[in-house]
Amino acid sequence: MRNRFCVPHFFIIFAVIMNLSEENISLLRRLLEDERKHNVVIVSHTNPDGDALGSSLALRAMFVRCGHTARCIVPNKYPYFLDELCGIGEIITFKTREEEALKVVAEADVVVCADINTLSRLEQLSSAIREKESATRILVDHHPSPDNDFDIVFSHPESSSTAFLVYKIIETIFGTSFFDREVAEQLYVGMMTDTGNFSFSALTPELYRAVAVLAETGIDIPAIYNKVYNSFTEGRARLFGYVINRKMRSLRKGTVAYMTLTEEEMRRFWFRQGDSEGFVNYPLTIKKMKMSAIFIESTDYIRISFRSRGDVDVDTFARRYFNGGGHRNAAGGKSFIPMAETVSRFLQAVEEFAQEGGFRTPRLKSNENS
Ligand code: 5GP
Ligand code: MN
730 MRNRFCVPHF FIIFAVIMNL SEENISLLRR LLEDERKHNV VIVSHTNPDG DALGSSLALR
790 AMFVRCGHTA RCIVPNKYPY FLDELCGIGE IITFKTREEE ALKVVAEADV VVCADINTLS
850 RLEQLSSAIR EKESATRILV DHHPSPDNDF DIVFSHPESS STAFLVYKII ETIFGTSFFD
910 REVAEQLYVG MMTDTGNFSF SALTPELYRA VAVLAETGID IPAIYNKVYN SFTEGRARLF
970 GYVINRKMRS LRKGTVAYMT LTEEEMRRFW FRQGDSEGFV NYPLTIKKMK MSAIFIESTD
1030 YIRISFRSRG DVDVDTFARR YFNGGGHRNA AGGKSFIPMA ETVSRFLQAV EEFAQEGGFR
1090 TPRLKSNENS
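Residue numbers (the numbering used here): 730 to 1099.
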């Protein structure tokens, strides 16, 4: 019998190579080389993660090195375990520095949307950005189905992270000598967090070549890992134990799991924003699990995260039932009704989704492992 970890040769030969559009690269190059100095604002999504922040900061470095002014804005605070990311002081949080952020947006003549496919994910910041109709709009993103009102578009759902896409853009325009330790760390954090420390899908040879270039700058990879994944509080560790032990429910013969977290429970464990990061992945460590969800209460709505394995498409699930979206195996959404009703809606949605074949594993194709 063939080793089931052995990957067929056709995959290695035809692994996706990311082709950037020459037209968009030359439009961006022209803008970067413009003698007129631009005011650039780089914006990313609500609840910014390592990819949103790392990509934004590396894009900022690209514009600044070409002599332009560039500022980064995110709608709300990033999690505390990203406090030590190189250059994090450059990030303006709209929620706490609204006046300054609006001034930056008003002055900008170039708007870059990084790691978002739709302006609605900017939440409170979205109307200010929408009003910037005269600005040049650039999209740099890896989510499927982007909005179509951009002048320069780098939309690559086949990329495992936006950071990898930013890497490719910079490498194409400036070559690998552009990468110093600071930009390398920012991009590495984006790649590492969006791939679950290089364990999810879309891990192409090309990605590892990019990582090799970043490693050559001398970044300390174990130290970066520790800063991000081993920097939590004791409360978070205890909350994690509580959620898995007491709150995880499973259905469909143990193939779908969900967890809920109320504000009262979060207070009990001295919750800090970011403490629930990664909880939703844990049920997928169970071999037969296909989909996992977590429902987290906040003042305005219930924030939902979905994760899945293989062909189970939680992007579609989140779009259809929970005002959200994301990627096939990692998506999010929102619910504006109380927790108990949200959970009933989820249970119904799972049944409907199952009836439509959403959990069916496709038969192995003849050229896959047998
Ligand atoms: P997370 O569960 O880590 O917050 O998000 C997982 C993925 O889904 C990320 O790529 C994130 O950008 C995306 N995502 C999360 N929430 C939403 C949402 O409300 N709408 C859309 N379109 N994407 C989301
Ligand atoms: Mn991302």
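A virtual CB, placed ideally from N, CA and C, is assigned to each residue, including glycine.
Identity of the residue in the options nearest residue i by Cα
{"i": "I1033", "options": "F1008, K1019, K1016", "result": "F1008"}
{"i": "D880", "options": "V839, A1078, I902", "result": "V839"}
{"i": "V1079", "options": "V985, K824, P934, P873", "result": "V985"}
{"i": "S1037", "options": "T905, A1022, E862, R1049", "result": "A1022"}
{"i": "G1054", "options": "L761, H774, E935", "result": "H774"}
{"i": "F1035", "options": "E1081, P777, E1006, E752", "result": "E1006"}
{"i": "A966", "options": "I948, R997, D1029", "result": "R997"}
{"i": "K1017", "options": "V918, V834, G983", "result": "G983"}
{"i": "E752", "options": "F969, P951, V882, G796", "result": "V882"}
{"i": "V895", "options": "P873, D878, I820, L868", "result": "L868"}
{"i": "P1074", "options": "F1046, A1059, N768", "result": "Note on residue identity: the sequence assigns Arg, not Pro, to residue 1074. The shortest C-alpha separation from R1074 is found at F1046."}
{"i": "L749", "options": "F1051, E900, V942, R981", "result": "E900"}
{"i": "E914", "options": "G947, R765, V1072, T924", "result": "G947"}
{"i": "G1086", "options": "F907, K1019, S888, H885", "result": "K1019"}
{"i": "E993", "options": "T1014, M977, E1026", "result": "E1026"}
{"i": "F1043", "options": "N1052, E911, N1058", "result": "This sequence places Val at residue 1043; Phe is not what is there. Nearest of N1052, E911, N1058 to V1043, Cα basis: N1058."}
{"i": "P1067", "options": "N955, G970, L990", "result": "L990"}
{"i": "R765", "options": "I746, M791, V772, G796", "result": "G796"}
Where residue i falls: helix, strand or coil (DSSP)
{"i": "E1026", "result": "strand"}
{"i": "S1095", "result": "Caution applies to S1095, whose pLDDT of 41 falls short of 50 and renders its modelled position unreliable; the model cannot decide the point."}
{"i": "M995", "result": "helix"}
{"i": "S1005", "result": "coil"}
{"i": "D953", "result": "Here residue 953 turns out to be Ile, not Asp, going by the sequence shown. Helix, per DSSP."}
{"i": "T847", "result": "coil"}
{"i": "F1035", "result": "strand"}
{"i": "A966", "result": "helix"}
{"i": "K1066", "result": "For the sequence presented, residue 1066 should be read as Ile rather than Lys. Coil."}
{"i": "I948", "result": "coil"}
{"i": "S1073", "result": "helix"}
{"i": "F907", "result": "helix"}
{"i": "T1014", "result": "helix"}
{"i": "I741", "result": "Bear in mind that the predicted position of I741 carries a pLDDT of just 49, short of 50, making it unreliable; the figure below should be weighed with that in mind. Helix, per DSSP."}
{"i": "S979", "result": "strand"}
{"i": "S1021", "result": "strand"}
{"i": "N768", "result": "strand"}
Endpoints, alpha helix (DSSP H) assigned at residue i
{"i": "F903", "result": "891-903"}
{"i": "F1046", "result": "1043-1050"}
{"i": "A913", "result": "910-923"}
{"i": "M988", "result": "Note, M988: premise wrong, no alpha helix (DSSP H); beta strand (DSSP E) at 985-990."}
{"i": "F753", "result": "Before going further, note that residue 753 is Asn rather than Phe in the sequence given. Counting along the chain, the alpha helix (DSSP H) containing N753 begins and ends at 751-762."}
{"i": "R789", "result": "779-794"}
{"i": "L932", "result": "No alpha helix (DSSP H) contains L932, which DSSP labels as neither H nor E."}
{"i": "F834", "result": "It should be noted that the sequence gives Val, not Phe, for residue 834. 827-836 is the extent of the alpha helix (DSSP H) around V834."}
{"i": "S856", "result": "855-859"}
Inter-residue CB distance, residue i and residue j (contact presumed, cutoff 8 Å)
{"i": "G779", "j": "M921", "result": "7 Å"}
{"i": "I902", "j": "L757", "result": "7 Å"}
{"i": "I1031", "j": "S1064", "result": "4 Å"}
{"i": "P804", "j": "L854", "result": "5 Å"}
{"i": "V770", "j": "I802", "result": "6 Å"}
{"i": "L851", "j": "V793", "result": "About 22 Å; that fails the 8 Å criterion."}
Where the beta strand (DSSP E) through residue i begins and ends
{"i": "A799", "result": "798-803"}
{"i": "D870", "result": "865-870"}
{"i": "V882", "result": "881-884"}
{"i": "I820", "result": "820-822"}
What is the chain-ordered set of residues for which the beta carbon lies under 6 Å from any non-hydrogen atom of the ligand MN?
-> D780, D844, H871, S890, T891, D923
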